[in-house]
């Protein structure tokens, strides 16, 4: 039952070229950066990634993207990753854009043994009708488009409405980041890091978790467990430096109360003498 690995490199050593990966995180929050860098160092390529977004320029999945290691992405938005947008629009990368809630549910469904489900999200748009550009050509022409999806009308929720069928996602591997974990794989996520990490972990046939703190089985109260160890096959404990590698995506500040008055009071004054 001890699922710990000595290093991130050992934990990802058997991920082959062409593997599909579900990766947790949202922007820079809850990103399994150490496992991603272990894949980068190993040289693994042609990866098919499922993630809410693809990191930012030069960090997170953006590090694999920068080196051309990712060939396809299922994501909910391109976000602020300029390299992601450039590669997609330039025909270097196939991208399947999916509504954010639908993406989370497709991952959760995959981990729950539900092959598909109906949702109202995307009805009446290219999501349901087909025609979303998945891959562009070098001249900007669309080479691959999304196919149309099955729709049905249901009245079971108190009103008659059309729904679109979405298929579940199951990947070869999943990479996630948690604040605490025990040797059996039970995980606790810190605040907003509990975003796409649980459903991504559920979707992987083999799920690898990097944790800031590793504890013994029984030290985590069962009521505090966010993801049961049945979904996790490998655990890697981060060292202090790796655990502290938490960049801020957008730094915003505001003046402290009274700061402007204090600055004016301490500023030098000038006098004119006649």
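In the UniProt record's numbering, the protein residues as written are 1 to 274. Think of the CB as a built atom: it goes at the ideal place given N, C-alpha and C, for glycine as much as any other residue.
Could you say which of the options lies nearest to residue i if we only look at CA atoms?
i           : options               : result
residue 168 : 102, 224, 135 and 109 : 109
residue 242 : 18, 13, 131 and 31    : 31
residue 59  : 254, 26 and 192       : 26
residue 83  : 34, 156, 35 and 55    : 55
residue 171 : 75, 34, 201 and 230   : 201
residue 5   : 121, 210 and 245      : 210
residue 23  : 75, 116 and 98        : 75
residue 29  : 226, 197, 10 and 68   : 197
residue 125 : 216, 97, 253 and 85   : 97
residue 2   : 215, 149 and 15       : 215
residue 43  : 65, 53, 78 and 248    : 65
residue 127 : 53, 15, 102 and 85    : 102
residue 105 : 249, 258, 199 and 63  : 199
Considering just the uninterrupted stretch of the alpha helix (DSSP H) at residue i, what are its terminal residues?
i           : result
residue 129 : 126-129
residue 84  : 82-89
residue 228 : Run containing residue 228: none; DSSP gives neither H nor E here.
residue 253 : It is not in any alpha helix (DSSP H) - residue 253 carries neither H nor E in the DSSP assignment.
residue 242 : 240-243
residue 199 : 197-203
residue 10  : 8-11
residue 112 : 100-112
Assuming residue i contacts residue j (C-beta within less than 8 Å), just tell me the rounded distance between them.
i           : j           : result
residue 213 : residue 179 : 7 Å
residue 187 : residue 34  : Wrong, their Cβ atoms sit about 15 Å apart, outside the cutoff.
residue 174 : residue 204 : 3 Å
residue 194 : residue 226 : 6 Å
residue 94  : residue 112 : Going by Cβ atoms, the distance from residue 94 to residue 112 rounds to 27 Å, so no, they are not a contact pair.
residue 50  : residue 132 : Wrong, their Cβ atoms sit about 16 Å apart, outside the cutoff.
residue 47  : residue 21  : 6 Å
residue 81  : residue 52  : Rounded, the Cβ-Cβ distance is 12 Å, inconsistent with contact.
Let me know if residue i comes out buried or exposed under the rule of 16 or more other beta-carbons within 10 Å of its beta-carbon.
i           : result
residue 73  : buried
residue 140 : exposed
residue 207 : buried
residue 191 : exposed
residue 18  : exposed
residue 272 : Caution is warranted here: a pLDDT of 46 is assigned to residue 272, below 50, making its placement in the model unreliable, and the coordinate value is therefore given only provisionally. Classification for residue 272: exposed.
residue 246 : exposed
residue 274 : Low local confidence applies: a pLDDT of 42 at residue 274 is under 50, so the model's placement there is unreliable, with the coordinate-based value given in what follows. The residue in question, residue 274, is exposed, as its Cβ has fewer than 16 Cβ neighbours within 10 Å.
residue 182 : buried
residue 14  : exposed
residue 12  : buried
What residues in its chain sit with their C-beta under 6 Å from that of residue i, if we drop five residues either side in the sequence?
i           : result
residue 162 : 123, 151 and 153
residue 144 : 134 and 135
residue 137 : 91 and 143
residue 232 : 185, 207 and 209
residue 78  : 84 and 85
residue 45  : 17 and 69
residue 149 : 128, 164 and 165
What residue range is occupied by the uninterrupted beta strand (DSSP E) comprising residue i?
i           : result
residue 173 : 171-182
residue 42  : Looking at the DSSP string, residue 42 is not in any beta strand (DSSP E); the run it does join, the alpha helix (DSSP H), is 33-42.
residue 96  : 94-97
residue 166 : 161-167
Give me, in chain order, the residues of the same chain whose beta-carbon lies closer than 8 Å to that of residue i; leave out the 5 immediate sequence neighbours on both sides.
i           : result
residue 120 : 161, 162, 163 and 164
residue 118 : 152, 154, 163, 164, 165 and 166
residue 270 : Confidence at residue 270 is low in this model, with a pLDDT of 49, below 50, so its placement is unreliable and the value that follows should be read with caution. Around residue 270: no qualifying Cβ.
Report all residues from its chain with a CB closer than 7 Å to the CB of residue i; omit the five preceding and five following residues, and keep chain order.
i           : result
residue 283 : Nothing about residue 283 can be read from this structure; the chain reaches only from 1 to 274.
residue 89  : 136
residue 10  : none
residue 147 : 130
residue 222 : none
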